[in-house]
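Residue numbers (the numbering used here), protein chains in the order written: chain A, 8 to 344; chain B, 8 to 344; chain C, 8 to 344. Written below as structure tokens is the structure these notes are about.
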Amino acid sequence: MAKSLGELASTLGCEIVGDPDASISAVATLALGQPGAISFFANQAYSEALRNTKASAVILAEENVSLSPTNAVISSNPYLAYARIAEILYPKDLFEGAIHSSASVAKSASVAQSAYVAAHAVIDEHCVIGEHVYIGPGVVVGPRCNIDAQSRLLANCTLVQDVSIGKRSTIHSGAVLGSDGFGNAMSDSGWVKVPQVGGLSIGDDVEIGCNSTIDRGAIGDTIVGNGVRLDNLIQIAHNVVIGEHTAMAGMTGIAGSTVIGKRCMFAGQTGSVGHITICDDVVIGAQSYVSKDIREPGIYVASFPAEKDKDWKRKVVRFRNLADLFRRVGKLEKGKQ
Amino acid sequence: MAKSLGELASTLGCEIVGDPDASISAVATLALGQPGAISFFANQAYSEALRNTKASAVILAEENVSLSPTNAVISSNPYLAYARIAEILYPKDLFEGAIHSSASVAKSASVAQSAYVAAHAVIDEHCVIGEHVYIGPGVVVGPRCNIDAQSRLLANCTLVQDVSIGKRSTIHSGAVLGSDGFGNAMSDSGWVKVPQVGGLSIGDDVEIGCNSTIDRGAIGDTIVGNGVRLDNLIQIAHNVVIGEHTAMAGMTGIAGSTVIGKRCMFAGQTGSVGHITICDDVVIGAQSYVSKDIREPGIYVASFPAEKDKDWKRKVVRFRNLADLFRRVGKLEKGKQ
Amino acid sequence: MAKSLGELASTLGCEIVGDPDASISAVATLALGQPGAISFFANQAYSEALRNTKASAVILAEENVSLSPTNAVISSNPYLAYARIAEILYPKDLFEGAIHSSASVAKSASVAQSAYVAAHAVIDEHCVIGEHVYIGPGVVVGPRCNIDAQSRLLANCTLVQDVSIGKRSTIHSGAVLGSDGFGNAMSDSGWVKVPQVGGLSIGDDVEIGCNSTIDRGAIGDTIVGNGVRLDNLIQIAHNVVIGEHTAMAGMTGIAGSTVIGKRCMFAGQTGSVGHITICDDVVIGAQSYVSKDIREPGIYVASFPAEKDKDWKRKVVRFRNLADLFRRVGKLEKGKQ
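Here is the structure:
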């Protein structure tokens, strides 16, 4: 979809420096930008790419306008402005309401006229599928699920049962929502499964990444707040509560009944033990895990970045010999007295 | 399903203190318990919730009976008793044997009359599906699989081939069992795949979590013992052997040919290298990994919990300067002589 | 499939010591080898198993021939020779081109006559499926995907859209390719999704493990080079580039826009931050993560193997008391002057 630069900028309420009639039909990186493309500059590391870009326009902050070799869109948050322009240039596929002839929809399920149910999808008993909802191919929606307007379940994801999803949320392919949590009681003859009888409630404007898993509550619901963003391969255990606009990068795992605040950010491969509370505005660094309540906003971390094998091994030897060093220092101190 | 408290208690062989005619129809947490609900008390942290509970009954140990503000069921293992009562109150969905018209069942497959095969499920050649087995929607059972009585394969899980599953086991949605292991030999022109020709054998009363993956053996079988419990997003490589009643929390990964004993417990995001042996009754702490044989039962760990960014960074600087500290102490010792 | 030992050896260009007419119909470990089986010896730890093997033949290096109690195939790379012999003994299932009656193929899609499309598979608009391609049951191939000759998409994997796959590659069950990357810009009212408009390009002779996820590019493509091997449950973020013949073990995660060289090896549960470059021939040790550019080939690591709880806790206490130790040593040094 081609738009004039002026039209794009005015939709966002941004000023432009340059030609408002420039035609924009694509987004591109600064390095790969070609005529017709718009790019953005938000990181000084890309200054040279900016200087050499062949894109027809660049979104950048006011103080950087002089660096632009081409038409400029001025924004205090160039990445956000880029996201909004990309949304206009690449509108979501439209679809008309329909149920594919190979889909299997239970009699007690209610599917809005404007919803689309793709090939080989299954909608089980007592489900309610709202207006303009998209159910992709191979998706299974188990009994008693409720999908509100404009949400999208992409190919081959699974809602096991008793899942409620708000408006405009997207569940990516392969995700599994509403499965039994990991509850086991030890008996004389081995583990006894603890029946999981709660549900899973997901808010509006949520994204759940591919092959992520979110269990239903053991008793009561697991809860994912409005605007939460989960990347791929994330595990959220039973009765976890995730506050609004919290974001988690790939492979994060949260154990049961932990309550996480709003606007938190978890880096990749992070984790948390169960039954703790993490307050609002907490950031967890890469490959770190949380072992107890966090009551103060801020950055929390505990991981070592990889270094040369030999260097690391030497450090580990010293770490192992710390007891000896403490002893030696104690002895020196005594000798002094 | 509603039962009298007396009936529930006598099924478990437990004494009650209070009204045996109290009607119980649901489980609840202490905090959310309402009339008609039964809860349990197994953790002193919830003493106040116990004192204030509105549940009609609470399961607890004899020494805590006096703390209960309501009818009490006495058990030396309240969580186990809770599991058994929940099982009675929330019986598994019953189903009648049937094959959904959209399922695809190979001619050479044998499906018991009492088994259920759901919409869009696929059963490949030479499979044997036992009595009262449940095959969920979208499940693919590849060639030569054998599913014994009362086991359940939930929606969209996949058995690639040559998988045998015992009685009463549950494979959760999205799990992939019996796939090729990761075997590659380097040649002059790149990796050559090592054909994987073994199978996968899963015992009775096993649970495999959502989106977990268990590879078939390279030569000979991968083996998961009776009563094993695996959480979501777990990876078990080719020719691993997992002993009976071992439990693993989410995101654990076990590399090839490792042999794990009975009743072990792995916390979340743990791992093990391949080709080692871990004895019975070993516990691995959160985010830790095992690098060599473990021959003695006990708890093993090596991870640091996250702390404030600044505090952690200071510790890392000291850790990096240990060489210098060792030198300085050596110098002091020399100076003393 | 049975072959004579002489025929197998000559196909590989290997010498044999012993009976060229020995009939070989299976592979086996040294320990479980029976008459008719061929095994290999590549690790001195298995010397005793070699001495006692009942296999009809063993592949080993010239210097170990005298250790063999049975017919020997001589190879300087016994594991590679084993892989090639196993390939001959266990040929891949052949199939004839066909589209299962329950598959759903879009009108604008092109499927080669020799390709097979299994039950309940879905091929969306504008896809091109090449010669002898295998599309397994429940697979979803979204719009505009291109699968080149002899590649195989196993049961229940998903190509979301705009994925191109080269020749002879295998995508294992449950993998999700070409999904939206994790791009979010913060606005006053919460996260705004950054439209992901790139594709995913996968080379020839690639394997992608079960339930792994590879996102399409945000702008421009995510790229997986020829001969790359990815194990199960791996996450590759948007715009990552993986060089030829790089291999990653299970649960590795690579963040966005990172560029990885050729022939690298990542152990299990490893990771990398985004926007960095890792050169050719780098090895990353178990559970380690890379935080900045690596410009020199070699082994990089930073993780502690699990040890007894008590021992580890003592080390952690000392680690936490390092500040004090540095102070004490400083004081001693001052006292000396």
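Glycine included, each C-beta is placed from N, C-alpha and C at the ideal position. All of these numbers come straight from a predicted model, not from anything done at the bench.
{"Query": "Beta-carbon spacing of V248(A), V235(A) below 7 Å", "Result": "no"}
{"Query": "Delimiting residues of the alpha helix (DSSP H) encompassing D318(A)", "Result": "316 to 327"}
{"Query": "CB-CB length for V213(B) against S176(B), believed under 8 Å", "Result": "4 Å"}
{"Query": "Inter-residue Cα distance where the pair is S111(A) and R151(A)", "Result": "15 Å"}
{"Query": "Cβ-Cβ distance between V308(A) and A313(B) below 7 Å", "Result": "yes"}
{"Query": "N- and C-terminal bounds of the beta strand (DSSP E) containing Y307(A)", "Result": "305 to 308"}
{"Query": "Whether L57(C) touches P85(C) by CB criterion (7 Å)", "Result": "no"}
{"Query": "Alpha carbon of L237(B) to alpha carbon of S109(C), nearest angstrom", "Result": "34 Å"}
{"Query": "S54(A) versus G43(A), E69(A), A38(A), residue with shortest Cα-Cα distance", "Result": "A38(A)"}
{"Query": "4 or more residues per run - each alpha helix (DSSP H) lying fully within the stretch 68 to 106 of chain A", "Result": "85 to 96"}
{"Query": "Contact set between R302(A) and chain B, taken where Cβ atoms lie within less than 7 Å", "Result": "By Cβ distance, chain B contributes nothing, its closest Cβ being about 12 Å from R302(A), past 7 Å."}
{"Query": "CB contact check: S111(B) to chain C, cutoff 7 Å", "Result": "yes"}
{"Query": "Start-to-end residues for the beta strand (DSSP E) that takes in S186(A)", "Result": "183 to 186"}
{"Query": "Beta-carbon proximity list for H127(A), same chain, < 6 Å, skipping 5 on both sides", "Result": "S109, P144, G145"}
{"Query": "Chain C contacts from the stretch 124 to 136 of chain B (Cβ-Cβ distance under 9 Å)", "Result": "H127, A128, V129, D131"}
{"Query": "Chain B within 7 Å of W198(C), Cβ atoms only", "Result": "no"}
{"Query": "Sequence-distant residues of its chain with Cβ nearer than 6 Å to S2(C) (five each side left out)", "Result": "Only positions 8 to 344 of chain C appear in this structure, which leaves residue 2(C) out of reach."}
{"Query": "Amino acids of chain A, ordered along the chain, whose beta-carbon sits closer than 8 Å to that of A262(C)", "Result": "A256, G257, G275"}
{"Query": "Buried versus exposed call for V324(B) [16 or more other C-beta atoms within 10 Å across all chains shown]", "Result": "exposed"}
{"Query": "Simplified DSSP state of D222(B), which is helix, strand or coil", "Result": "strand"}
{"Query": "Integer-rounded CB distance, given that Y141(C) should sit under 8 Å from F102(C)", "Result": "6 Å"}
{"Query": "Interface flag, R325(A) vs chain B, CB-CB below 7 Å", "Result": "yes"}
{"Query": "One or two residues paired with Q346(C) in a DSSP bridge", "Result": "Not covered by the structure: residue 346(C). The range shown for chain C is 8 to 344."}
{"Query": "Chain B within 7 Å of Y307(C), Cβ atoms only", "Result": "no"}
{"Query": "When T18(B), R270(B), G216(B) are compared against G197(A), the one with the closest alpha-carbon", "Result": "R270(B)"}
{"Query": "Contact set between the stretch 224 to 249 of chain A and chain B, restricted to residues whose Cβ is under 8 Å from the partner", "Result": "I226, G227, L240, Q242, A244"}
{"Query": "Counted within 10 angstroms of its Cβ, other Cβ atoms place G305(C) as buried (16 or more) or exposed", "Result": "exposed"}
{"Query": "Neighbourhood of V199(B) by C-beta, 8 Å cutoff - its chain only, sequence neighbours within 5 removed", "Result": "N191, A192, M193"}
{"Query": "V170(C) to N218(B) span [Cα, whole Å]", "Result": "22 Å"}
{"Query": "Selection from L207(C), I221(C), G268(C) that minimises the alpha carbon distance to I241(C)", "Result": "I221(C)"}
{"Query": "Residue-chain proximity (G145(C), chain A), Cβ-Cβ < 7 Å", "Result": "yes"}
{"Query": "Within chain B, partners of G173(A) - CB distance below 7 Å", "Result": "Those within 7 Å of G173(A) in chain B number zero; the least Cβ separation is about 22 Å."}
{"Query": "Start-to-end residues for the beta strand (DSSP E) that takes in A44(A)", "Result": "44 to 47"}
{"Query": "Residue-level contact to chain A via CB, T36(C), 7 Å cutoff", "Result": "no"}
{"Query": "Identity of the residues DSSP links to L207(B) by a beta bridge", "Result": "V170(B), T229(B)"}
{"Query": "Cα-Cα separation, I301(B) to T253(B)", "Result": "15 Å"}
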